[in-house]
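Scroll down for the structure; my scribbles are underneath it.
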């Protein structure tokens, strides 16, 4: 699975960059964002209660850090700081560079997410030798694919019951909702 994931990341990175000329800072930013996207995917889950807490690679690398530890709010600019300097002629260059980086990262996320979810489903199908055991089953914890979910945020749910082969009732927190089984994906582990 991991070799395939590395190949998928490389494939989508090449596809996004193609012949674009990136500065070193843009490439560095892109690689850091891609690393974050891959390390925030849910591998498994930790709690058996209603609130399902995902276990992610970043949780294993930095066990004491959680999302609330990340302070990504903009800091006030101190124009009196002697190290503060912005070349006014380069403002538009900065805005353009930011927009280009965000566009590449967004496109990478969209394509990589779809490929990753399909690989999870393929892995699940190939590991099920018994035809009577189909995914999903009641009690399974699944990823819900939702295009409106922000980047690197994965909705996890527990399957409550199968309504039909195409629909399942899932619990997200305290809410029970119906979702098409084609939008439910198994966890990696």
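Residue numbers (UniProt numbering): 1 to 189. Yeah, the Cβ is synthetic: ideal placement off N, Cα and C, and Gly gets one too.
Between which two residues does the beta strand (DSSP E) holding residue 57 run? Not the beta strand (DSSP E): residue 57 falls in the alpha helix (DSSP H), residues 57–61.
List the DSSP bridge partners of residue 177. Beta-bridge pairing links residue 177 to 170.
Chain B beta carbons: is any one of them nearer than 8 Å to that of residue 175? This model lacks chain B altogether; it includes just one protein chain.
Measuring only the C-alpha atoms, how far is residue 91 from residue 30? 20 Å
Inter-stretch contact at 8 Å, needing at least 3 Cβ pairs: the stretch 135–146 / the stretch 18–34: no
Please return the same chain residues whose Cβ sits closer than 8 Å to the Cβ of residue 176, not counting the five positions on each side in sequence. Within its own chain, the residues whose Cβ lies closer than 8 Å to the Cβ of residue 176, once the five positions on either side in sequence are excluded, are 160, 169, 170, listed in chain order.
Along the beta strand (DSSP E) that carries residue 161, what are the first and last residues, could you check? 155–162
From which residue to which residue does the beta strand (DSSP E) around residue 144 run? 141–144
Measuring CB to CB, does residue 17 end up less than 8 Å from residue 156? With contacts defined as CB atoms closer than 8 Å, residue 17 and residue 156 fail to qualify as a contacting pair.
Label residue 94 either buried or exposed according to how many other C-beta atoms from any shown protein chain fall within 10 Å of its C-beta, with 16 as the threshold for buried. exposed
Buried or exposed: where does residue 163 fall if 16 or more other Cβ atoms within 10 Å of its Cβ makes it buried? exposed
Residue 188 versus residue 107: straight-line alpha-carbon distance, rounded: 23 Å
How close, in whole Å, do the beta carbons of residue 151 and residue 112 come, if the pair is a contact with beta carbons under 8 Å? About 10 Å separates the Cβ atoms of residue 151 and residue 112, ruling out a contact at the 8 Å cut-off.
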